[in-house]
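Protein chains: 2
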Amino acid sequence: MLRGDITKAIRDAVMQELADVGYGRLSIEAVARRAGVGKTAVYRRWGNKLEMVLEIVSDVAGRSVPLPDTGSFAGDLQLLMMIVSRALQHRIASQIIPDLMAEASRNPQIAETLQKALRTHQQAVGDKLIGQAVARGELPEGTDPEVAVDLILGPLYWRLAVARTPLGDDYLDKLIAAVMGALRA
Amino acid sequence: MLRGDITKAIRDAVMQELADVGYGRLSIEAVARRAGVGKTAVYRRWGNKLEMVLEIVSDVAGRSVPLPDTGSFAGDLQLLMMIVSRALQHRIASQIIPDLMAEASRNPQIAETLQKALRTHQQAVGDKLIGQAVARGELPEGTDPEVAVDLILGPLYWRLAVARTPLGDDYLDKLIAAVMGALRA
DNA sequence: CCAGGACGTAACGGTTGCGTTCCGCCGTTT
DNA sequence: AAACGGCGGAACGCAACCGTTACGTCCTGG
Numbered sequence: 004m005l006r007g008d009i010t011k012a013i014r015d016a017v018m019q020e021l022a023d024v025g026y027g028r029l030s031i032e033a034v035a036r037r038a039g040v041g042k043t044a045v046y047r048r049w050g051n052k053l054e055m056v057l058e059i060v061s062d063v064a065g066r067s068v069p070l071p072d073t074g075s076f077a078g079d080l081q082l083l084m085m086i087v088s089r090a091l092q093h094r095i096a097s098q099i100i101p102d103l104m105a106e107a108s109r110n111p112q113i114a115e116t117l118q119k120a121l122r123t124h125q126q127a128v129g130d131k132l133i134g135q136a137v138a139r140g141e142l143p144e145g146t147d148p149e150v151a152v153d154l155i156l157g158p159l160y161w162r163l164a165v166a167r168t169p170l171g172d173d174y175l176d177k178l179i180a181a182v183m184g185a186l187r188a
Numbered sequence: 004m005l006r007g008d009i010t011k012a013i014r015d016a017v018m019q020e021l022a023d024v025g026y027g028r029l030s031i032e033a034v035a036r037r038a039g040v041g042k043t044a045v046y047r048r049w050g051n052k053l054e055m056v057l058e059i060v061s062d063v064a065g066r067s068v069p070l071p072d073t074g075s076f077a078g079d080l081q082l083l084m085m086i087v088s089r090a091l092q093h094r095i096a097s098q099i100i101p102d103l104m105a106e107a108s109r110n111p112q113i114a115e116t117l118q119k120a121l122r123t124h125q126q127a128v129g130d131k132l133i134g135q136a137v138a139r140g141e142l143p144e145g146t147d148p149e150v151a152v153d154l155i156l157g158p159l160y161w162r163l164a165v166a167r168t169p170l171g172d173d174y175l176d177k178l179i180a181a182v183m184g185a186l187r188a
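So the sequences go chain by chain: F and D.
Just so you know, the first sequence maps onto residues 4 to 188 in our numbering.
Just so you know, the second sequence maps onto residues 4 to 188 in our numbering.
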């Protein structure tokens, strides 16, 4: 019976509000205000703030990242890095993700949701990427997928989400070359 | 005239409170409560929450990280990584830093303070490390310090502060080997 | 011995947000 | 035509904090 357009408006408002003020300061009143909606409409859908945020965020984050499979490790790596860097440069993502990550260290429910939505998936992507490369003989047999994934995602996350330094023209190329060099050994 | 032991108690309480609830939810009342101190004692020292947090955090963060200089790039790298990983595994640091980083994207004052306290310094460390290595001929002439620093700090930060995965016994060794491989090219 | 000042406590009025309730409106269903 | 139910809006009591103020205690220096 709940009207879909109202639900959509609330979902959008939550994402915007999360980006603007963060989870800690997000208030249902502000969400309703921003969505142009009564508080009652919100409470008709979710029981409280945490429940609402978790459902909305895990829904958005769950929309899966396509697994790169270009046929070569270099190609896969380049594609993955472009996808990740593109995602991390979007304003909403680059604000919400660090915020929720910080919040997750205090709230087990958030931690679990993020773990499921982000890490599990991205790790799977990384594992597949490395696994394929090893199978193809492009990487040595003993390559540690954990180290490899950290080496690929870490610098990007650090630069885009933490240091917030813009990417130079050739930055990605240099980074890709460096990662290739690191793993090729 | 302000009593030093009281000031110390407040400073400690602020750090604890920051780690527990984050900047967004930090309240002066809670800080005073935790420090076993009246609100008046706090307001006698700082004008408001932002001013207080900035002063305390930048003081703590300003206590400089020693510049590694072991004589070889491999040694410097290992030492730096051990220092950084040690620091990031401390509960307070691993909670406060991501929280303030997220907050910094909304508050220019926090951003500037963190920039000054953390990035400038760490970057200087990285630049010196790379510079020395290049001068010694251990790294090729054109090595990009930005990429190198990201490659060193990114994976550690990602793993310890974001993914929050514990470090295996040989993880640091593998990571060091990988970074060496990446830059040696 | 006394003045000064930092201290804790308590209370102030004001703001914000919670989660709930009640109202009147309006489009759908029956 | 009438009943239903989601809707916005307004107000509720409650709680937490804000930043400020007044008060009485204690310690210190002159």
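We put the CB at the ideal spot given by N, CA and C, even for glycine.
Environment of residue i [buried if 16+ CB atoms lie within 10 Å]
| i | result |
| --- | --- |
| F/P101 | buried |
| D/G39 | exposed |
| D/L5 | exposed |
| D/R14 | buried |
| F/S108 | buried |
| D/E20 | buried |
| F/D79 | buried |
| D/M18 | buried |
| F/M104 | buried |
For residue j and residue i, the rounded distance between their alpha carbons
| i | j | result |
| --- | --- | --- |
| D/L121 | D/V87 | 12 Å |
| F/L29 | D/P143 | 49 Å |
| D/K52 | D/I31 | 7 Å |
| D/G25 | F/E106 | 8 Å |
| F/D16 | F/I9 | The amino acid occupying residue 16 of chain F in the given sequence is Ala; Asp does not appear at that position. C-alpha separation (whole angstroms): 10 Å. |
| D/L70 | F/E58 | 46 Å |
| D/A3 | D/D72 | There is no way to answer for residue 3 of chain D, as the model of chain D reaches only from 4 to 188. |
| F/D176 | D/P148 | 15 Å |
| F/G171 | F/I179 | 13 Å |
| F/R47 | F/V56 | 15 Å |
| F/S61 | D/T43 | 43 Å |
| D/Q135 | F/F76 | 33 Å |
| F/E141 | F/A12 | 48 Å |
| F/A181 | D/L186 | 6 Å |
| D/G157 | F/G41 | 43 Å |
| F/Q81 | F/G50 | 43 Å |
| D/V34 | F/R66 | 41 Å |
| D/Q118 | F/G7 | 43 Å |
| D/G27 | F/G27 | 6 Å |
| D/Q1 | D/A22 | Since the displayed chain D opens at 4 and closes at 188, residue 1 of chain D lies outside it and no answer follows. |
Own chain, CB closer than 7 Å to residue i, minus 5 neighbours either side, in chain order
| i | result |
| --- | --- |
| F/A90 | A96 |
| D/Y174 | none |
Same chain, Cβ closer than 8 Å to residue i, five either side skipped, listed in chain order
| i | result |
| --- | --- |
| D/V152 | Q125, Q126, G129, D130 and I133 |
| F/N110 | L53 |
| D/V165 | P101 |
| D/Q112 | L53 and L57 |
Nonlocal neighbours in the same chain, by C-beta distance under 6 Å from residue i, ignoring five residues either side
| i | result |
| --- | --- |
| D/L83 | P71 |
| F/T116 | L57 and S61 |
| D/R162 | T168 |
| F/Q98 | A22 |
Which whole runs of the alpha helix (DSSP H) in the segment 37-73 of chain F are 4 residues long or more, in chain order? Listed in chain order, they are 42-46 and 52-65.
Compile a chain-ordered list of the residues in the segment 113-128 of chain D whose CB is closer than 7 Å to at least one CB of chain F. Only those residues of the segment 113-128 of chain D whose C-beta falls short of 7 Å from the nearest C-beta of chain F are listed: R122.
Please list the residues of the segment 61-88 of chain F that have a C-beta atom closer than 8 Å to any C-beta atom in chain D, keeping them in chain order. Going along the segment 61-88 of chain F in chain order, one finds no residue with a Cβ nearer than 8 Å to chain D.
Go through the segment 119-184 of chain F residue by residue and report every complete run of the alpha helix (DSSP H) that reaches 4 residues or more, in order. List check, alpha helix (DSSP H) in window: 124-139 and 148-160.
Of the residues that make up the segment 32-56 of chain D, which ones have a beta carbon closer than 8 Å to any beta carbon in chain F? Residues: none.
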